[in-house]
């Protein structure tokens with residue numbers, strides 16, 4: 001799956017706010033080594049550097065475009081290209097930060113304890129995942145994918161995003177390996193200029209990628225036209241022409 005740095009950072013302030021909230025919930029400790037997995041263009045890595053000024057902070061991402069952008073943003077930081085599910089570095093890390101990335105990976109019951117095993121004693125795994133697969137924005141992606149000449153090409157698109165467990169399941173899968181597990185859910189309401197078009201532009205940088213990447217240029221334009229029409233019905237504009245986009249997110253801070 002490809003990622004567009006330009007499209008992703010168009011809403012950088014909104015995308016960074018959950019990372020700030022997640023970072024604020026990490027218990028105070030002497031952090032010597034922290035890593036931002038799924039670091040994207042480095043916006044969340046920058047927050048880690050601000051919070052843990054005396055630590056060595058690193059980043060990794062599977063997208064070479066994102067890593068290139070992160071290196072330009074933070075040339076003093078070591079960034080590596082790697083897939084999280086095959087990442088075999090042992091650490092130990094004092095903080096493993098995973099902001100808006102693990103929702104793309106399967107088998108959390110295996111993955112999350114494996115990440116905890118890379119922590120130093122007292123270290124924290126901090127996770128934030130969009131919890132919006134059942135929101136109109138994502139339900140309509142699947143409905144449009146199932147209604148057009150692209151049905152065959154998009155047969156596997158919805159499956160690229162992992163089905164998330166509920167809060168109690170995440171607590172249970174981590175508690176056996178951790179001294180403390182904090183789980184919470186927050187819904188952000190993002191005012192987006194441009195009405196429904198703003199919603200489409202937001203998701204072109206994230207959730208729509210599996211649905212757009214397999215299509216040719218003409219198919220992509222038609223898919224987006226149908227998706228926009230559906231979004232216009234689901235998210236009517238406010239008096240000022242903007243749309244208030246509800247965006248639920250699940251947070252976990254697990255301390256070893």
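Residue numbers (UniProt numbering): 1 to 256. Yeah, the Cβ is synthetic: ideal placement off N, Cα and C, and Gly gets one too.
The closest CA to that of residue 15, considering only 26, 245 and 253, is found on 245.
Around the Cβ of residue 180, a 10 Å sphere holds fewer than 16 other Cβ atoms; the residue is exposed. For residue 118, same chain residues with a beta-carbon under 8 Å away, outside a window of 5 residues either side, are 89, 90, 91, 92, 93 and 96 in chain order. Rounded to whole angstroms, residue 137 and residue 86 show a C-alpha spacing of 31 Å. Exclusion of the five residues before and after residue 42 leaves 70, 73 and 74 as the residues of its chain whose Cβ lies within less than 6 Å of its Cβ. CA-CA distance, residue 170 to residue 78, rounds to 31 Å. Leaving aside the five residues that flank residue 231 on each side, the residues in its chain whose CB is nearer than 8 Å to its CB run, in chain order, 136, 137, 140, 196, 199 and 200.
A direct Cα-to-Cα measurement between residue 84 and residue 58 gives close to 14 Å. Three or more beta-carbon pairs drawn from the region 102-112 and the region 150-164 are found closer than 8 Å, and the two stretches are therefore classed as touching.
Under DSSP, residue 199 forms no beta bridge with any residue. Rounded to the nearest angstrom, the Cβ distance from residue 112 to residue 47 is 22 Å, too far for a contact under 8 Å.
Distance check between residue 142 and each of 157, 152 and 203 places 157 closest, using alpha-carbon atoms only. Minimum Cα-Cα distance from residue 203 among the listed residues 247, 65 and 172 corresponds to 247.
Within the same chain, and ignoring the five residues on either side of residue 23 in sequence, the residues whose Cβ sits closer than 6 Å to its Cβ are 47 and 51. Measuring C-alpha to C-alpha distances from residue 212 to each of 153, 18, 80 and 53 identifies 153 as the nearest.
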